[in-house]
Amino acid sequence: MNTSYAYYPGCSLHSTGSEYDKSFKLVARKLGIELEEVPGWICCGTSPAHSSSHLLSIALPIKNLSIVESMDKEVVVPCAACYSRFKFAVYEMNHDTKLAEDVKEVIGSSFQNKVNVLHPLEIFAQMPSAKLKTSIKENYKNKPLKVVCYYGCLLTRPPKIMRFGQDDPEYPMTMDKVLGDVGYEILDWSYKTDCCGASFALSETDAVLTLTQKILKNAQEVGADAIAVACPLCHANLDTRQTDINAKYNTTYNIPIYYFTQLMGLAFGFNQKELGITKHLTPATVAV
Amino acid sequence: MSTQNAVMPDAKFLKEMNDKIKMNVNLCYQCRKCSAGCPMSYAMDYTPAQLIHAIRLGLKDLVLNSKTIWLCSSCQTCTTRCPQEVEIAKVMDTVKMIAVAEGIKPPVSSVHTFNKAALRNIKWFGRMYELGMIGDLKLRTFEFFKDMGLGMKMFLKGKLKIIPSISPGRTLTTWKIFSRSAKKEKSN
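In structure tokens form, the structure reads like this:
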């Protein structure tokens, strides 16, 4: 099994989602996975690019993938939005020859479209369960948190393009399996792949409150102690808006939102500060 | 019979759409799965299925001036569930681009203003510099106090970087990509 990957953190993992970056690196090292950051990486363009220019929205990820090609490795992309833009770009380059020519001209470098784009969950899910289980710190097994896994929109949809771990696009299980293997009690719920409002965080904030409120409500109803996420936008919308939601809907949500890598890190015995758990706006520190 | 007040379809619009998205929206048979699954349809003026139907009828003005296109969150639920494989989320993006190119003032201006601020930011820094983008956004929307408390909390938690990560080489890369792709799109 390949244990060395090119690593594309993306903008959020270097700022608002820095705890995802930190915790992913710690967990990866613990599991013997080597990460080499893509030198000189640029933004993937995210929603503003794909709603403004088709060519630009493909050229930005492909520029990054052209750098990865020179590293001769598969690339791992933890941010669900970046991961989605990379997968879309690869798909379009394979299916639209005219566009592919234009993109190569725009990025000014050669591109063979040979890079495999992976999400950390795909890598962890391929590992033998025993390897994950043996990494758990001895005394952590006693008090498992009850967790619901929130995949959001972009990891699995549209399946024709994403092919996320061969998982079901409407009812994925990859994160459930990984977090279950490291000792958490995984609960079934109905909002695994519902939308949190994503990039409307700053523009149409009210929509974000409406959508995230439904997600928090269902998580609470099934008795979850925490929600696990795999996307910095989902994390921001769910973690930072609970006060606003409580004010708007007269509720008392106080549900900790963790990156799945933070939960893995906790189980492996890393301390909460190094996993960035103290940086959340909704208190998330646990008694270990 | 007078047709003075009738809605006049624009046949060219349907063709333009089909050409741009490289698929045939006529495949839609109005099952409305897209609208049933759409998380944002509650706020839209036309449901996704209505918008697709309007495109097929050539109702260009209605489509380009709709709130719907700006309120699509690109969650891809519609595209995933469409039994006819119409890529509805891609249609939404394409209509936005046509509306902007035709100089139409977006009825949901916040989204368009955000997109522009974010793209300027990416072009200048090569990577998103969030604090800079928020500042840019505030100068243009005059909503200086919106989310001020939240911003402060995030800042105190160390979630917002004060100093952007600047690299001249990276800026040059994104400048080139932005200007070349704008030029290329104009010539196409």
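First to last, the protein sequences are chains A and B. Per this note's numbering: the first sequence = residues 1 to 288. Per this note's numbering: the second sequence = residues 289 to 476. Where a beta carbon is used, it is the ideal one built from N, C-alpha and C, also for glycine.
Would you kindly check if the distance between the Cβ of residue j and the Cβ of residue i is under 8 Å?
i       : j       : result
L179(A) : K146(A) : no
P232(A) : L13(A)  : yes
E170(A) : K114(A) : no
K73(A)  : I107(A) : no
I255(A) : A226(A) : yes
C195(A) : C363(B) : yes
M127(A) : L31(A)  : yes
G414(B) : C234(A) : no
F268(A) : V27(A)  : yes
P25(A)  : L275(A) : Note that residue 25(A) is Lys in the sequence shown here, rather than Pro. For K25(A) and L275(A), no; Cβs fall outside 8 Å.
Y5(A)   : V75(A)  : yes
I58(A)  : V103(A) : yes
I67(A)  : G45(A)  : no
S361(B) : G197(A) : yes
A228(A) : L154(A) : no
E122(A) : G165(A) : yes
T3(A)   : M442(B) : no
L55(A)  : S469(B) : yes
M385(B) : S52(A)  : yes
Would the beta-carbon of residue i be found less than 7 Å away from any heavy atom of the ligand GDP?
i       : result
S398(B) : Among the ligands in the structure shown, none appear at all, so the ligand GDP cannot be discussed.
Am I right that residue i and residue j are in contact with their C-beta atoms under 8 Å? What's the rounded C-beta distance?
i       : j       : result
P61(A)  : F86(A)  : 5 Å
Y345(A) : K192(A) : Since the first residue of chain A shown is 1 and the last is 288, residue 345(A) is not available in this structure.
I343(B) : I376(B) : So it is not a contact: roughly 10 Å between Cβ atoms.
R369(B) : K404(B) : Actually they do not touch by this definition, with Cβ atoms about 31 Å apart.
L483(B) : L425(B) : Within the shown structure, residues of chain B are numbered from 289 to 476, placing residue 483(B) beyond reach of any answer.
D244(A) : L281(A) : At roughly 11 Å, the Cβ-Cβ gap does not stay under 8 Å, so D244(A) and L281(A) are not in contact.
Y259(A) : Y20(A)  : 5 Å
K498(B) : E105(A) : No statement about residue 498(B) is possible, as the shown extent of chain B runs from 289 to 476 and does not include it.
V313(B) : V374(B) : 6 Å
K445(B) : K279(A) : 5 Å
Within the same chain, show all residues whose beta-carbon is closer than 7 Å to that of residue i, passing over the 5 residues directly before and after it, in chain order.
i       : result
K411(B) : T462, W463 and F466
V383(B) : V351, L352 and I357
Y317(B) : Q372
K348(B) : D298 and F301
M173(A) : D167
M421(B) : A405, A406 and N409
I392(B) : L352 and N353
S135(A) : K30, L31 and F268
Which residue marks the beginning of the alpha helix (DSSP H) containing residue i, and which one marks its end?
i       : result
S323(B) : K321 to G325
S66(A)  : H54 to M71
Y249(A) : Q242 to Y249
F88(A)  : A80 to H95
E418(B) : E418 to T429
L448(B) : That residue, L448(B), is in no alpha helix (DSSP H); it is neither H nor E in DSSP.
W358(B) : T356 to L359
T463(B) : The question names Thr, but residue 463(B) in the sequence shown is Trp. Segment P456 to S475, the alpha helix (DSSP H) holding W463(B).
S329(B) : Taken as a continuous stretch (DSSP letters only), S329(B) belongs to no alpha helix (DSSP H), as it is neither H nor E.
V27(A)  : S18 to K30
E122(A) : P120 to Q126
K133(A) : S129 to T134
V208(A) : T205 to E221
N403(B) : S397 to F413
K279(A) : Run containing K279(A): none; DSSP gives neither H nor E here.
S47(A)  : T46 to H50
Considering only residues of the same chain and omitting the five flanking positions on each side of residue i, which have a CB-CB separation below 6 Å?
i       : result
Y83(A)  : V77 and H119
Y184(A) : P144, L145 and V147
E284(A) : In the sequence on display, residue 284(A) carries Ala and not Glu. Answer for A284(A): P256 and I277, listed in chain order.
S190(A) : N218
R481(B) : Outside the displayed range of chain B (289 to 476) lies residue 481(B), so it cannot be described from this structure.
P395(B) : K355
M264(A) : V27 and V182
E249(A) : The sequence as given places Tyr at residue 249(A); Glu does not occur at that position. If we look at Y249(A) and ignore the five residues flanking it on each side, its Cβ neighbours are Q213.
A387(B) : L352
S109(A) : S66
L345(B) : P297
D96(A)  : none
Along the beta strand (DSSP E) that carries residue i, what are the first and last residues, could you check?
i       : result
Y258(A) : I257 to Y259
C149(A) : K146 to Y150
A226(A) : A226 to V229
L35(A)  : E34 to E37
A6(A)   : S4 to Y7
Against residue i, what residues of chain E qualify as contacts under a CB-to-CB distance less than 7 Å, listed in chain order?
i       : result
A406(B) : Protein chains A and B are contained in the structure displayed, whereas chain E is not.
Which residues in the same chain as residue i place their Cβ atom closer than 8 Å to its Cβ, once the five residues preceding and following it in sequence are excluded?
i       : result
T401(B) : L425, R428 and T429
H50(A)  : S57, R85 and F88
S453(B) : F413, R415 and Y417
I215(A) : Y150, Y191, D194, C196, I227 and L238
| field | Sufficient close CB pairs (3 or more, under 8 Å) joining the stretch 207-218 of chain A to the stretch 325-340 of chain B | value | Below 8 Å, enough C-beta pairs join the stretch 207-218 of chain A and the stretch 325-340 of chain B to call them touching: three or more.
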